[in-house]
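Student:
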Amino acid sequence: MAGKKPQRRKKSAPKVAGVVGVGLDGEDGHTRVTRTEEMVVVGGSAETHERMQETAIRFGENLEKCGKTIHEASVREVVDLLRAAIEKTG
């Protein structure tokens with residue numbers, strides 16, 4: 003009796019659920035946490051955390067310009083948009 007071949011499922015493309023930014027230079031005892039729809043930013047000195055916040059805002063704006071949510075964007079798109087946001091923030 004000839005057996006059926008097992009059906010192979012296509013692997014779905016990896017998706018990004020969100021981005022986490024971590025600042026490691028905070029030594030003043032403050033706990034800093036900022037959340038956007040796409041990112042969670044934690045830690046860092048006041049200056050570092052502010053830069054990460056600006057990056058998170060620019061990243062969200064860039065996604066919006068593309069007309070996509072983070073769940074709809076490919077991993078490559080997310081990386082490229084994040085890189086662009088970081089470069090603009092300085």
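One point on numbering: in this note's numbering, the residue at position 51 of the sequence shown is 53, and numbering is uninterrupted. In this text, a Cβ means the ideal position worked out from N, Cα and C, and glycines have one as well.
1) With 16 other CB atoms within 10 Å as the buried threshold, where does Glu-63 fall?
2) Do Val-43 and Gly-23 have their C-beta atoms closer together than 8 Å?
3) Is DSSP giving Lys-17 helix, strand or coil here?
4) For Thr-71, name the three-state secondary structure that DSSP assigns.
5) With the cut-off set at 8 Å, would you say Gly-28 and Ser-47 are in Cβ contact?
6) If you count every other CB in all the chains shown that lies within 10 Å of the CB of Leu-26, and 16 or more means buried, which is it?
7) Alpha carbon to alpha carbon, how far is Lys-12 from Arg-34? Give it in angstroms, no decimals.
Tutor: A quick look at the data gives this:
1) As a working note, residue 63 is residue 61 in the sequence shown. The residue is exposed, with fewer than 16 neighbouring Cβ atoms inside 10 Å.
2) Position 41 of the sequence shown, counted from the first residue, corresponds to residue 43. Position 21 of the sequence shown, counted from the first residue, corresponds to residue 23. Result yes, Cβ atoms of Val-43 and Gly-23 sit closer than 8 Å.
3) Start at 1 with the first residue of the sequence shown, and residue 17 comes out as number 15. It is a strand residue.
4) For this step, residue 71 is matched to residue 69 along the sequence shown. Coil, per DSSP.
5) For the purposes of this step, residue 28 is taken as residue 26 along the sequence shown, with counting starting at 1. For the purposes of this step, residue 47 is taken as residue 45 along the sequence shown, with counting starting at 1. Yes, these two residues count as a Cβ contact at 8 Å.
6) One-based indexing of the sequence shown puts residue 26 at position 24. Result: exposed.
7) Start at 1 with the first residue of the sequence shown, and residue 34 comes out as number 32. Start at 1 with the first residue of the sequence shown, and residue 12 comes out as number 10. In a straight line, the C-alpha of Arg-34 is about 42 Å away from that of Lys-12.
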